[in-house]
Amino acid sequence: MKLKHYDYDGRARFITICTHKRMPIFTNNAMRYILIDDLEEIRNRFNLKLIAYVIMPEHLRLNVIPTGIDSVGFIIGEYKRMTSKKIHELMSTYGRKSLHNFVTIRNRKERFVLWMRRCYDHNIRSEESLWQKVSYCHNNPVKRGLARNPSEYMWSSCRYYCGFRDALLEIDSIA
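In numbering that gives the first Met the number 0, the protein residues as written are 0 to 174.
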């Protein structure tokens, strides 16, 4: 059964976007900064409230509140398109050996594919659930052994919530 998503009700969404074949590609700062910069651009372009994020080696998790007229699916599609193009250019420039792992055939054409076609999208129905998802994002790097505590991990909104000046993105209020 396919669950209905409500794009225009002002509720938060928990989104997970995974790389093609769950390849751990976001392991260097150049690629992670592309994700950060394009997230800021998408957020401004589509009036998207960013509540939390975490960049992991093979996926990105977001807690957002859509406030514009565009569907979350369309917004995420634009984000995936933008990041794919820039990361493909970066990988091609540096002759990254794993580039062939992101090539697939679609519509009888060989294409670079960074992201899985679909993403996991969950409607958040309460403020309590929202903060559980924020905590889940922030603890993801600890569970995976990438940091000893959530505030140590630079590629997460946790640093913003902890008041660090070097937080990469400003986080929006849910009010």
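Where a beta carbon is used, it is the ideal one built from N, C-alpha and C, also for glycine. As the structure is a prediction and not an experimental result, all values here were calculated from the model.
Going by beta carbons, Arg21 and Asp120 fall outside the 8 Å limit. For Asp37, the uninterrupted alpha helix (DSSP H) run begins and ends at Asn28 to Arg44, by DSSP. For Ala29, same chain residues with a beta-carbon under 7 Å away, outside a window of 5 residues either side, are Leu89 in chain order. Just measuring C-alpha positions, the residue of Trp114, Gln131, Ile173 and Arg42 sitting nearest Ser83 is Trp114.
Remark: fewer than three beta-carbon pairs, one from each stretch, lie closer than 8 Å, so the segment 121-128 and the segment 145-154 are not flagged as touching. The C-beta of Cys161 has fewer than 16 other C-beta atoms within 10 Å across all chains shown, which makes the residue exposed. Counting other Cβ atoms within 10 Å of its Cβ, Phe45 reaches 16 or more and is therefore classed as buried. Its chain contains Ile64, Asn122, Ile123 and Arg124 as the residues whose beta carbon lies nearer than 8 Å to that of Arg10, once the 5 sequence neighbours on both sides are disregarded; these appear in chain order.
Judged by DSSP secondary structure, Val63 falls within the beta strand (DSSP E) whose first and last residues are His58 to Pro65. In the structure shown, Leu129 falls within a helical segment according to DSSP collapsed to helix, strand and coil. In the structure shown, Asn100 adopts helical secondary structure according to DSSP, grouped into three states. In this chain, the beta strand (DSSP E) harbouring Thr15 covers Arg12 to Cys17. The three-state reading of DSSP puts Ser155 in strand, counting E and B together. For Tyr78, the enclosing alpha helix (DSSP H) starts and ends at Val71 to Thr92. Annotation: the continuous beta strand (DSSP E) that includes Asp120 extends over Tyr119 to Asn122.
For Val112 and Thr18, the gap between their C-alpha atoms comes out near 8 Å.
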